[in-house]
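Counting from 1, one number per residue, gives the positions in the sequence shown under the UniProt record's numbering. Think of the CB as a built atom: it goes at the ideal place given N, C-alpha and C, for glycine as much as any other residue.
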Amino acid sequence: MRISFERTGGFAGISKKTTLDTATLPPKEAKELPVLVEAADLFQLPEKITSSHPQSDRFQYKLTIEDNGKQHTVTVSETALPGTLRPLIEWLNHTAQKKS
């Protein structure tokens with residue numbers, strides 16, 4: 001499983017981008033990532049999730065997942081983040097921070 005994660009926006013407008021692959025992650029993280037993706041039901045989410053009340057200086061997240069020949073991209077604003085997706089976003093933010 002491979003996932004590309006990009007966070008843009010925020011007050012400072014700093015972009016963060018990383019790509020993670022379960023084949024190259026440490027064993028603990030390689031086990032956690034698929035569990036979080038499945039819990040988020042990522043492949044079933046629409047390609048774009050927006051808020052009916054957009055707010056300036058909020059983050060935008062773009063996730064592209066590749067697994068078993070399937071690929072799906074989801075772009076979501078921080079204000080419209082579904083609860084099922086939040087643990088995956090937090091994990092990706094934390095993991096991307098450790099890599100930088």
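With respect to the alpha helix (DSSP H) encompassing residue i, which residues constitute its N-terminal and C-terminal limits?
i, result
"Leu33", "Pro27 to Ala40"
Residue range of the beta strand (DSSP E) that residue i falls in?
i, result
"Phe59", "Phe59 to Asp67"
"Thr73", "Lys70 to Ser77"
Based on DSSP bridge pairs, tell me the residues matched to residue i.
i, result
"Glu6", "Lys17 and Lys62"
"Ile49", "Val76"
Please determine, among the options, the residue with the shortest C-alpha to C-alpha distance to residue i.
i, options, result
"His53", "Ile89, Ser77 and Val37", "Ser77"
"Ile89", "Lys28, Ala30 and Leu36", "Leu36"
"Glu47", "Gly10, Thr79 and Val74", "Val74"
"Arg2", "Gly83, Thr79 and Lys70", "Lys70"
"Lys98", "Glu66, Ile14, Glu32 and Thr18", "Thr18"
"Asn68", "Lys28, Phe59 and Asp21", "Asp21"
I believe residue i touches residue j by the beta-carbon criterion, under 8 Å. Please report the beta-carbon distance rounded to the nearest angstrom.
i, j, result
"Ala40", "Leu85", "5 Å"
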